Amino acid sequence: MDDHAARGEVLEWLEQFADCVRRRDFAGAEPLFNARVVAFGTRNEVLENLSELRERQWRPTWQTTRDFRFLADTVHVELSATGADAWATALWTSIGEPGDRPAFDRRGRATFILRRAGGRWQCIHSHLSLMPVGLS
4 MDDHAARGEV
14 LEWLEQFADC
24 VRRRDFAGAE
34 PLFNARVVAF
44 GTRNEVLENL
54 SELRERQWRP
64 TWQTTRDFRF
74 LADTVHVELS
84 ATGADAWATA
94 LWTSIGEPGD
104 RPAFDRRGRA
114 TFILRRAGGR
124 WQCIHSHLSL
134 MPVGLS
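Take the position in the sequence shown, starting the count at 1, then add 3; the result is the number in the numbering used here.
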C-alpha cells in the first residue's frame with residue numbers, strides 16, 4: 004500500500020472513531036482498538052486493555068459528550084518506514100453535557116498509535132485529554 008492510501012485509511016479510522024463517540028457506539032469502536040491497548044485519558048492515569056478503556060473511560064465520558072469531532076486542519080499523520088505502524092495527532096472539540104449543569108464547550112487533544120493487522124488499522128495506544136487550562 005502506498006503512503007497516500009495508508010494516510011487516507013488513517014484519516015478514515017479517525018472519522019470512524021469520532022462517529023462512534025458521537026453515536027455512543029461502544030461495540031462499533033471496539034474493532035478499531037487492539038484488545039491489549041494501553042491508553043491514557045481524562046479520567047484515568049492508565050488503562051491497560053480494551054475492557055478497561057471502554058468501561059472506565061469511554062462509557063462515563065461518551066455519555067456526557069455531544070458533537071465530538073476532530074478539527075481537520077490540526078490532524079497530523081505519520082507512517083513508519085515499513086507502513087505497518089502509524090501515529091496520528093489532532094485537536095478535538097465537543098459539547099459537555101454533565102446533566103446537573105449547563106452544557107459547555109469542551110476541547111482537547113488526541114494521539115493514536117495504530118498498527119496494521121489483518122488488513123485494517125487497530126489502535127495500540129491512545130491518549131485523549133482536555134486542553135490545558137488557559138489554552139482552550
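Ideal placement from N, C-alpha and C gives every residue a C-beta, glycine not left out. Fair warning: this is a prediction, and the values are worked out from it, not measured in the lab.
Among 100, 96 and 89, which residue has its Cα nearest to the Cα of residue 115? Locating residue 115 in the sequence shown gives position 112, where the first residue counts as 1. Comparing Cα positions, the closest option is 89.
Residue range of the beta strand (DSSP E) that includes residue 61: Here residue 61 refers to the residue found at position 58 when the sequence shown is read from its first residue. Note, residue 61: premise wrong, no beta strand (DSSP E); not H, not E.
Give the secondary structure of residue 15 by DSSP, where H, G and I count as helix, E and B as strand, and everything else as coil. The residue given as residue 15 occupies position 12 in the sequence shown. Note: residue 15 maps to helix in three-state DSSP.
Taking the Cβ atom as the reference point for each residue, do residue 64 and residue 46 lie within a distance shorter than 8 Å? Sequence index remark: in the sequence shown, residue 64 carries index 61 (1-based). Sequence index remark: in the sequence shown, residue 46 carries index 43 (1-based). Closer than 8 Å, so yes.
For the alpha helix (DSSP H) that contains residue 30, what are its first and last residues? Position 27 of the sequence shown, counted from the start, is the residue given in the question as residue 30. Its alpha helix (DSSP H) spans residues 29-32.
Suppose you measure from the CA of residue 38 to the CA of residue 128; what does that come to, to the nearest Å? To locate residue 38, count along the sequence shown from 1; it is residue 35. To locate residue 128, count along the sequence shown from 1; it is residue 125. Their backbone Cα atoms lie some 11 Å apart in a straight line.
Are residue 106 and residue 131 close, meaning C-beta to C-beta below 8 Å? Taking the first residue of the sequence shown as position 1, residue 106 is located at position 103. Taking the first residue of the sequence shown as position 1, residue 131 is located at position 128. Taking a C-beta distance under 8 Å as the contact criterion, residue 106 and residue 131 do not qualify as a contact pair.
Let's test the definition: count the other Cβ atoms within 10 Å of the Cβ of residue 136 and tell me whether it reaches 16, buried, or not, exposed. Here residue 136 refers to the residue found at position 133 when the sequence shown is read from its first residue. Burial is judged here by how many other beta carbons sit within 10 angstroms of a residue's own beta carbon; residue 136 has fewer than 16 and is exposed.
Residue 118 and residue 87 closer than 8 Å at C-beta: To locate residue 118, count along the sequence shown from 1; it is residue 115. To locate residue 87, count along the sequence shown from 1; it is residue 84. Yes, these two residues count as a Cβ contact at 8 Å.
Hey, would you say the C-beta of residue 35 is under 7 Å away from at least one heavy atom of the ligand NAP? Among the components of this structure there are no ligands whatsoever, and the ligand NAP is therefore not found.
Do residue 96 and residue 79 have their C-beta atoms closer together than 8 Å? Here residue 96 refers to the residue found at position 93 when the sequence shown is read from its first residue. Here residue 79 refers to the residue found at position 76 when the sequence shown is read from its first residue. Between residue 96 and residue 79, the C-beta spacing is not below 8 Å.
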